[in-house]
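Written out below as structure tokens is the structure these notes cover.
There are 2 protein chains.
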Amino acid sequence: MVRVGLTRERLIRAGAELADEVGFDKVTVSALARQFDVKVASLYSHLRNSQELKTGIALLALEELADRGAAALAGRAGKDALAAFANVYRDYAREHPGRYAAAQLPLDPETAAASAGVRHAQMTRAILRGYDLTEPDQTHAVRLLGSVFHGYVSLEMQGGFSHSAPESQESWSRILDSLDATLRNWPAP
Amino acid sequence: MVRVGLTRERLIRAGAELADEVGFDKVTVSALARQFDVKVASLYSHLRNSQELKTGIALLALEELADRGAAALAGRAGKDALAAFANVYRDYAREHPGRYAAAQLPLDPETAAASAGVRHAQMTRAILRGYDLTEPDQTHAVRLLGSVFHGYVSLEMQGGFSHSAPESQESWSRILDSLDATLRNWPAP
DNA sequence: TGGATTTGCCTAAAGATATTAGGCAACTGC
DNA sequence: GCAGTTGCCTAATATCTTTAGGCAAATCCA
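Residue numbers (full-length UniProt numbering), protein chains in the order written: chain C, 1 to 189; chain A, 1 to 189.
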């Protein structure tokens with residue numbers, strides 16, 4: 001009986017890779033056990049249940065996304081920052097579709113509050129420092145940006161914009177242009 | 001052995017109701033069989049497999065959403081139409097969270113092309129007739145609106161905007177204002 | 001170094017879901 | 001009222017989740 005060296009950490013990391021390969025919904029405890037050539041029950045020493053695996057992958061994805069976002073924002077401001085940050089989301093979703101899907105997993109409030117989701121909100125606010133918005137408009141704008149980024153990326157991932165002209169990349173650029181214009185010229189109530 | 005009168009139609013309708021009650025992801029063939037007090041295998045005369053059930057609920061939701069959208073657009077134009085249409089999405093998601101979740105189910109291309117999703121795109125284009133956009137900007141704008149509506153509603157459904165000021169309703173109104181302004185003043189490339 | 005303890009993976013088992021095959025009873029049509 | 005069709009059933013298999021309890025390998029420590 002050779003010990004493989006299972007770890008909560010390794011399992012979640014392998015789960016994330018599996019998600020990118022076969023889709024987040026196909027990530028199961030059984031599939032993961034197969035990857036490690038180990039019996040299913042063995043994973044339950046490291047994971048409370050399958051929910052913990054899924055949540056773990058979601059939290060990992062949120063961290064990675066936040067790290068990339070922070071790197072993209074460094075040294076940038078204004079529209080430059082806006083576009084760089086937006087591209088982080090889009091690129092991450094394309095590179096890691098399974099992880100991105102995992103990041104959409106609804107988390108219970110405590111888990112969410114302790115997650116990197118908080119950093120996402122802070123970074124979005126940081127971008128808005130390049131524009132002239134004060135509360136509560138800044139919050140409205142945070143919500144707008146979050147909606148557009150998430151909405152566009154998820155529609156694009158589902159193939160919503162493929163096979164029809166113009167290219168999705170073109171729309172993406174023009175939408176970022178329009179968001180920049182909107183933020184520079186945020187309408188009064 | 002009393003016959004309950006199962007039908008593909010009835011099953012999908014019951015599945016949609018079940019989705020709104022317990023969540024789309026909890027809608028299973030087994031759960032549905034329980035609802036009708038019938039053995040699981042009996043459903044397989046009416047449904048090819050569980051995928052068909054889920055797809056059926058998705059298509060039903062898309063139809064209902066398109067019908068509501070059409071009703072909302074009748075007799076309206078410009079910002080009025082924009083807001084009415086947007087509210088259809090948001091209200092539908094709140095009234096029928098399970099169905100709304102179902103409407104996000106990725107469909108294979110042929111199914112999607114035959115679905116009410118096509119009407120959604122047409123209606124969005126109809127709204128844009130109230131603004132001065134020509135191709136390809138109109139397509140970019142269609143994609144922007146789709147992203148914002150879907151993005152906002154799904155973030156709101158996941159509780160993203162609750163428990164933090166200002167109220168989500170306020171952000172929603174201001175975002176619709178900003179979209180209207182953006183469309184009236186769409187920036188050149 | 002060797003024994004005690006902890007820890008990791010295993011076997012076994014039960015419960016839930018999805019799906020298929022084949023059977024009998026209840027409707028339908030005439 | 002009979003023949004044929006249809007609808008729901010029993011039975012069986014496969015997969016996934018989860019728990020309980022066991023043995024062996026790693027680790028600790030004298």
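Quick reminder that beta carbons are idealized off the backbone N, C-alpha and C, glycines included.
All figures in this text were calculated on a predicted structure; none of them were measured in a lab.
Worksheet item: Could you give the residue range of the alpha helix (DSSP H) that holds residue 7 of chain C?
Response: For the purposes of this step, residue 7 of chain C is taken as residue 7 along the first sequence, with counting starting at 1. That residue, residue 7 of chain C, is in no alpha helix (DSSP H); it is neither H nor E in DSSP.
Practice prompt. Would you mind telling me which residues of chain C sit closer than 8 Å to residue 5 of chain A, beta carbon to beta carbon, in chain order?
Written response: Residue mapping note: residue 5 of chain A aligns to position 5 of the second sequence, counting from 1. Chain C residues near residue 5 of chain A: none, gap ~33 Å exceeds 8 Å.
Worksheet item: Are the C-beta atoms of residue 149 of chain C and some chain A residue less than 9 Å apart?
Response: In the first sequence, residue 149 of chain C corresponds to position 149, counting from 1. Yes, residue 149 of chain C counts as interfacial toward chain A.
Discussion item. Can you tell me where the alpha helix (DSSP H) holding residue 182 of chain C begins and where it ends?
Written reply: Position 182 of the first sequence, counting from 1, holds the residue named residue 182 of chain C. Unbroken alpha helix (DSSP H) run through residue 182 of chain C: 168 to 184.
Fill in: Minimum C-alpha distance to residue 141 of chain A - residue among A/64, A/154, A/127
Translated into the one-based positions of the second sequence, residue 141 of chain A becomes position 141. Nearest option by C-alpha distance: A/127.
Worksheet item: What residues from the stretch 55 to 84 of chain C come within 9 Å of chain A, judged by C-beta to C-beta, listed N to C?
Response: none
Worksheet item: Do the stretch 61 to 73 of chain C and the stretch 115 to 122 of chain C meet, that is, are 3 or more Cβ pairs less than 8 Å apart?
Response: yes
Item to complete: Would you tell me roughly how many angstroms separate the C-alpha atoms of residue 95 of chain A and residue 23 of chain A, rounded to the nearest one?
Response: Translated into positions along the second sequence, residue 95 of chain A becomes position 95. Translated into positions along the second sequence, residue 23 of chain A becomes position 23. Distance between the alpha carbons of residue 95 of chain A and residue 23 of chain A: 13 Å.
Discussion item. Which same chain residues end up closer than 6 Å to residue 88 of chain C when comparing Cβ atoms and leaving out the 5 residues on each side of it in sequence?
Written reply: By 1-based counting over the first sequence, the position of residue 88 of chain C is 88. Hits under 6 Å: 68, 69, 72.
Discussion item. Can you look up residue 140 of chain A in the DSSP assignment and give me helix, strand or coil?
Written reply: Here the question's residue 140 of chain A lines up with position 140 in the second sequence. Residue 140 of chain A falls in the helix class under three-state DSSP.
Worksheet item: Which runs of the alpha helix (DSSP H), 4 residues or longer, sit entirely within the UniProt DNA-binding region "H-T-H motif" (28 to 47) of chain A?
Response: 29 to 35
Item to complete: Output the distance between the C-alpha atoms of residue 100 of chain C and residue 93 of chain C, rounded to the nearest integer angstrom.
Response: On the first sequence, position 100 is the one that residue 100 of chain C refers to. On the first sequence, position 93 is the one that residue 93 of chain C refers to. The alpha-carbon atoms of residue 100 of chain C and residue 93 of chain C are separated by roughly 5 Å.
Discussion item. Within 9 Å of any Cβ in chain A, is that where the Cβ of residue 24 of chain C sits?
Written reply: As a first step, residue 24 of chain C must be located in the first sequence, where it is residue number 24. Not one chain A Cβ lies under 9 Å of residue 24 of chain C.
Fill in: Three-state secondary structure (DSSP) of residue 68 of chain A
Start at 1 with the first residue of the second sequence, and residue 68 of chain A comes out as number 68. Residue state, collapsed to three classes: helix.
Discussion item. I'd like to know if residue 97 of chain C contacts chain A, where contact means its C-beta is closer than 9 Å to some C-beta of that chain.
Written reply: By 1-based counting over the first sequence, the position of residue 97 of chain C is 97. Cβ-Cβ to chain A under 9 Å: no for residue 97 of chain C.
Discussion item. Going by DSSP, what residue range makes up the alpha helix (DSSP H) through residue 120 of chain C?
Written reply: As a working mapping, residue 120 of chain C is identified with position 120 in the first sequence. Taken as a continuous stretch (DSSP letters only), the alpha helix (DSSP H) holding residue 120 of chain C covers 117 to 128.
Worksheet item: Hey, is residue 130 of chain C's beta-carbon within less than 9 Å of any beta-carbon in chain A?
Response: Position 130 of the first sequence, counting from 1, holds the residue named residue 130 of chain C. No, because no Cβ of chain A sits closer than 9 Å to the Cβ of residue 130 of chain C.
Discussion item. Which of the three DSSP states is assigned to residue 135 of chain C in this structure?
Written reply: In the first sequence, the residue the question calls residue 135 of chain C occupies position 135. Coil, per DSSP.
Practice prompt. Verify whether the separation of the beta carbon atoms of residue 11 of chain A and residue 47 of chain A is less than 9 Å.
Written response: If you number the second sequence from 1, residue 11 of chain A lands on position 11. If you number the second sequence from 1, residue 47 of chain A lands on position 47. Yes.
Discussion item. So, does the stretch 71 to 85 of chain A touch the stretch 31 to 40 of chain A, judging by three or more C-beta pairs under 8 Å?
Written reply: no
Worksheet item: Mapping DSSP to helix, strand and coil, what is residue 97 of chain A?
Response: The residue you call residue 97 of chain A lines up with position 97 of the second sequence. Residue state, collapsed to three classes: helix.
Discussion item. Let me confirm a value: residue 163 of chain C is counted as buried when at least 16 other C-beta atoms fall within 10 Å, else exposed. Which label applies?
Written reply: Mapped onto the first sequence, residue 163 of chain C falls at position 163. Result: exposed.
Discussion item. Our contact map puts residue 177 of chain A next to residue 98 of chain A with C-beta atoms below 8 Å; I'd like the distance itself, whole angstroms only.
Written reply: Along the second sequence, read from residue 1 onward, the residue named residue 177 of chain A stands at position 177. Along the second sequence, read from residue 1 onward, the residue named residue 98 of chain A stands at position 98. Wrong, their Cβ atoms sit about 31 Å apart, outside the cutoff.
Worksheet item: Between residue 171 of chain A and residue 37 of chain A, what straight-line distance do the alpha-carbon atoms span, to the nearest angstrom?
Response: In the second sequence, residue 171 of chain A corresponds to position 171, counting from 1. In the second sequence, residue 37 of chain A corresponds to position 37, counting from 1. Computed Cα separation, rounded: 45 Å.
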